[in-house]
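Quick mapping for you: the protein sequence lines, in order, are chains H and B.
Reminder that position 372 of the first sequence reads as 358 in the working numbering, one-by-one numbering, no gaps.
Numbers given in the working numbering equal positions in the second sequence, counted from 1, plus 21.
Backbone N, C-alpha and C fix where the C-beta goes; we use that ideal spot for every residue, glycine too.
Contents: one structure, followed by commentary.
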Amino acid sequence: MRFHGLRHHAATLCIVAALAAHPAAAKVISVSAATPDANEKLQEALILAQPGDTVQLGAGVWKLTDGLSLDVANVTVRGAGAGEGGSILDFTGQQGAGEGLLVTSDDVFLTEFAVLNTRGDGIKSKGADRIVYHKLRVEWTAGPKETNGAYGIYPVESSDVLIDSVYVRGASDAGIYVGQSKNIVVRDSVATENVAGIEIENSHDADVHDNVATKNTGGILVFDLPSLPMQGGHNVRVFENVVNDNSTPNFAPKGNIVASVPTGTGVLIMANRNVEIFDNVFDRNGTANVMIVGYRYEHKDPKYQPLPKQIVVRDNQHGKAGYAPQFPGGDMIAAAMGGAIPPVLWDGAGDAIVLDKVGVLSLNLPDVKTPQSEAKPAPADLSKGTPPAALPTIKLPDTMEAKVK
Amino acid sequence: MKRVLAAITAALLCSSGGAAFAPPGVDQAVVESDAMPPKLSAFGLFRGNDPAQPAAGLSYTLRAPLFSDYTEKHRFISIPAGKKAKVADDGVIEFPVGTVLVKSFGWSDVNNGRPVETRLLIRRASGWTALPYIWDADGKDATLALGGRRVPVSFKSPDGETHSIRYAVPNRNQCKECHSLNGEIVPIGPKARNFLPDPAASDKLRGLYFENPAALKPVMPQWDDPGSGSVTDRARAYLDVNCAHCHNPAGSASNSGLFLRWTDDPAGVNFGVGKRPTAAGRGSGGMDFAIAPGDPDHSFLIYRLESTDPGIAMPEVGRSTVHREGAALLRQWIAEMPKASH
């Protein structure tokens, strides 16, 4: 097992007990990796499952050529584990579909399996409310490559999303990506060697905590982008994460927004309001531990709000940072400041409060229209001002928490 | 009551001038049940179960069809006796419960022209259901393939090139991925703007199938007939049918913000013009915009249409070859756009 920080190992027996307690009508549909036409049989099982059923994936390596999909509500897809010897859905020979597994129904529980080497995204859920991703591994096994799929775990347009104890490696965009959704918890997970480790985009009400984001290009991103059906990202808390050594050179295909993330970024907030960054442990992020910026590309969306607003950074632990800043002129600024820029970097637009006892470098760009070439980098004191009221803890429906207990 | 209905049915049959209408062959009990019969013959949709001989119905074509690996598609509609479809004000055709849209896919140079698969879209009381059937090797019946299948085929495209592909018969969920509006299954092609009833069908016959057949006025041009519309309008028609079933605010690609319906503003950012990639991954091809006006080589919409790589290709399902002729039309459309001042 490559998992770290799984706090629910001891719960396996409880899960067995819970299964036994299912109502009589619910059934377990077991599919074996060794079945001839396993791809077709597994897909059939996912189609024929009734609400309440469990589709049980046998242990072994499943060689799959076509993406799978689930459109039945309240179904559990359970494997025999996400590590070696578990249920490994191997898409190395994939010939069709934009992802390995697509879920489009509500109340689905995905647990204890791995999805490897998909051509596009790993596991996507769209319009799938109350989805639970638990003890999964999504990995591109050759490590960072531009030819890897974009997102590892990819819920979008959903309410109530729980991502718990997953491991994602090698995504050419974001390992864990939550888009255009609300009421979100991402916890106890590991994102490594992705372009973005964890990304919350065009979403609101999210808690991202107790994760490890390491060796990505950027560890944790909170973004809002224009011209999308849901925008105005806000109310995001990023806390008690370990965000270190995000040093992988950016390998995203150009054109995508994450292709602009500087290597060595810890947490990056772009164009959001009410974001709290606290109680995290940062270390060895060569550009900055925390970066707060506006959206600087041209856009034609009059409803779009491109500035970061009401950002609070407090009580974080800062190790080494800013020693290899990957933005134009960064090396010169670092040299002028004694070899490293401060661990918190702000482009100067919008507003933020930084209560950590570390330096802040502002590029003093007063708005998103001013080109970066006019940056006037200088230390800034963002400790003044009154922080907005603390955001509440995200509470998910009890039925979701019960699934992972 | 039943007797009255039977009398009406008989009258309708007479008035259809001998054309097959609501024939005894179609088993409406099966059609309108929740059944998923393992064999296509259970529906009685074909005479002698010969896919070339629909037992009933009105055949139709589309001004712009969905590209499916150069398959030739034979389509017909079966509507139960005494019921009619209605063209709504917005051009959507409302079909009564018991309707079956039947579509057979094949190539003239594969299996002596016999179809490889037949897909049914059935209007049941609970909504539309999609069922894919693959014809058996002996050609006598077709078997339900809920989980989809890849079928190796070799065929020539119109430009004379031979393609050997593993043709993907979609699974039932993939049917819905395209045929989806707000999470419910809906037909794609049969909209008034795109729908061409069999020209041999008499007005009387059309009147048997439609309450308001005069409303069947296809406003979209024939995508591949330059005489039928401008390059822009033919490109819009092509995008409407090949992309907009997902790329609309209630479709499978709603989150992309790229909306390509006939009714969308073709100059707008949400039509792709100057639109940056969203969740595109490798689909961006290193380019900044879905459509870069005047520059098809830097428009990743073209890049994705011309790819067969599952992480890049659009549409995501239903295509293992590149539709060169469709891509050429879209290239011309983008090339003729005035360059923007980005």
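Which listed residue (the options) has its alpha carbon closest to that of residue i
i, options, result
"G134 of chain B", "B:P117, B:S175, B:I206", "B:S175"
"Y283 of chain H", "H:T203, H:M256, H:E179", "H:M256"
"A334 of chain B", "H:K306, H:G106, H:F313", "H:G106"
"G130 of chain H", "H:S18, H:P235, H:G218", "Correcting the residue identity first, residue 130 of chain H is Pro in this sequence and not Gly. When each option's Cα is compared against that of P130 of chain H, the closest is H:P235."
"N276 of chain B", "B:D286, B:A300, B:R282", "B:A300"
"A114 of chain H", "H:S55, H:L207, H:T133, H:E387", "H:S55"
"I297 of chain H", "H:D384, H:G325, H:R259, H:K306", "H:R259"
"D48 of chain B", "B:A213, B:W128, B:I143", "B:I143"
"F95 of chain H", "H:G79, H:F264, H:A83, H:L122", "H:L122"
"P331 of chain B", "H:K295, H:A11, H:I206, H:T78", "H:T78"
"T253 of chain B", "B:E93, B:D285, B:G168, B:A56", "B:D285"
"I139 of chain H", "H:N350, H:V89, H:Y290", "H:V89"
"T92 of chain B", "B:W128, B:R303, B:G65, B:A221", "B:W128"
"L349 of chain H", "H:K370, H:G315, H:A375", "H:G315"
"G289 of chain B", "B:A76, B:C267, B:P314", "B:P314"
"D180 of chain B", "B:V343, B:A256, B:M358", "B:V343"
Cutoff 7 Å: residue i Cβ touching any chain B Cβ
i, result
"H(-5) of chain H", "Bear in mind that the predicted position of H(-5) of chain H carries a pLDDT of just 40, short of 50, making it too unreliable to give a figure here."
"S392 of chain H", "A query on residue 392 of chain H cannot be resolved here, the shown segment of chain H reaching from -13 to 391 and no further."
"D376 of chain H", "Note that residue 376 of chain H is Ala in the sequence shown, not Asp. Answer no: the Cβ-Cβ gap between A376 of chain H and chain B never drops below 7 Å."
"K306 of chain H", "no"
"G106 of chain H", "yes"
"A7 of chain H", "With a pLDDT of 45 at A7 of chain H, under the threshold of 50, the predicted position of this residue should be treated as unreliable, and no value is reported."
"V125 of chain H", "The identity of residue 125 of chain H in the sequence shown is Glu, whereas the question assumes Val. Not closer than 7 Å to any Cβ of chain B, the Cβ of E125 of chain H fails to qualify, so no."
"M(-13) of chain H", "Interpretation of M(-13) of chain H is limited by its pLDDT of 35, a score under 50 that renders its predicted location unreliable; no figure is taken from the coordinates."
"V14 of chain H", "no"
"E392 of chain H", "Chain H is shown from -13 up to 391; residue 392 of chain H falls before or after that span and cannot be answered."
"A59 of chain H", "no"
"L214 of chain H", "yes"
"S11 of chain H", "The amino acid occupying residue 11 of chain H in the given sequence is Ala; Ser does not appear at that position. Not closer than 7 Å to any Cβ of chain B, the Cβ of A11 of chain H fails to qualify, so no."
"L142 of chain H", "Strictly speaking, residue 142 of chain H in this sequence is Val, with Leu absent from that position. Chain B, which has a Cβ nearer than 7 Å to the Cβ of V142 of chain H, makes this yes."
Rounded distance between the beta-carbons of residue j and residue i, thought under 8 Å
i, j, result
"L254 of chain H", "V261 of chain H", "Their Cβ separation, rounded to whole angstroms, is 11 Å, which puts L254 of chain H and V261 of chain H out of contact at 8 Å."
"L368 of chain H", "V340 of chain H", "4 Å"
"D150 of chain H", "R173 of chain H", "6 Å"
"E455 of chain H", "G53 of chain H", "Here chain H comprises residues numbered -13 to 391, so residue 455 of chain H is not present and cannot be evaluated."
"N192 of chain B", "Q29 of chain H", "5 Å"
"Y153 of chain H", "V176 of chain H", "5 Å"
"R84 of chain B", "P242 of chain B", "7 Å"
Short CB-CB distance (under 7 Å) between residue i and chain H
i, result
"W354 of chain B", "no"
"D90 of chain B", "no"
"P314 of chain B", "no"
"D309 of chain B", "yes"
"E138 of chain B", "no"
"V343 of chain B", "no"
"A256 of chain B", "no"
"V290 of chain B", "yes"
"N276 of chain B", "yes"
"E337 of chain B", "yes"
"L165 of chain B", "no"
"A43 of chain B", "Its pLDDT being 46, under 50, A43 of chain B is placed unreliably in this model, and the value from its coordinates should be taken loosely. It does not; no Cβ of chain H falls within 7 Å."
"P298 of chain B", "yes"
"G168 of chain B", "yes"
"G332 of chain B", "yes"
"S305 of chain B", "yes"
For residue i, the residue or residues it bridges with in DSSP
i, result
"H195 of chain H", "H:R173, H:F225"
"G49 of chain H", "Note that residue 49 of chain H corresponds to Lys in the displayed sequence, not to Gly. K49 of chain H pairs with H:D76."
"A274 of chain H", "H:T251"
"T133 of chain H", "Its beta-bridge partners do not exist; DSSP assigns none."
"H184 of chain B", "B:F176"
"L96 of chain H", "H:V63, H:Y119"
"T203 of chain H", "BP columns for T203 of chain H are empty, so no partner."
Within-7 Å CB hit, residue i to chain A
i, result
"A136 of chain H", "Considering every chain present, this structure includes no chain A. Its protein chains are H and B."
Contact the segment 352 to 366 of chain H vs the segment 190 to 209 of chain H: 3+ CB pairs below 8 Å: no
At least three beta-carbon pairs within less than 8 Å, the segment 67 to 78 of chain H to the segment 40 to 56 of chain H: yes
Cβ contact (3+ pairs, closer than 8 Å) linking the segment 227 to 241 of chain H and the segment 382 to 390 of chain H: no
Three or more C-beta pairs below 8 Å linking the segment 284 to 300 of chain B and the segment 310 to 325 of chain B: yes
At least 3 beta-carbon pairs within less than 8 Å: the segment 298 to 310 of chain H vs the segment 268 to 280 of chain H: yes
The segment 267 to 287 of chain B touching the segment 142 to 158 of chain B, judged by at least three CB pairs closer than 8 Å: no
contact_flag[the segment 94 to 101 of chain B, the segment 183 to 192 of chain B] where n(CB pairs < 8 Å) is 3 or more: no
Segment contact, 8 Å Cβ cut-off, at least three pairs: the segment 198 to 210 of chain H with the segment 257 to 267 of chain B: no
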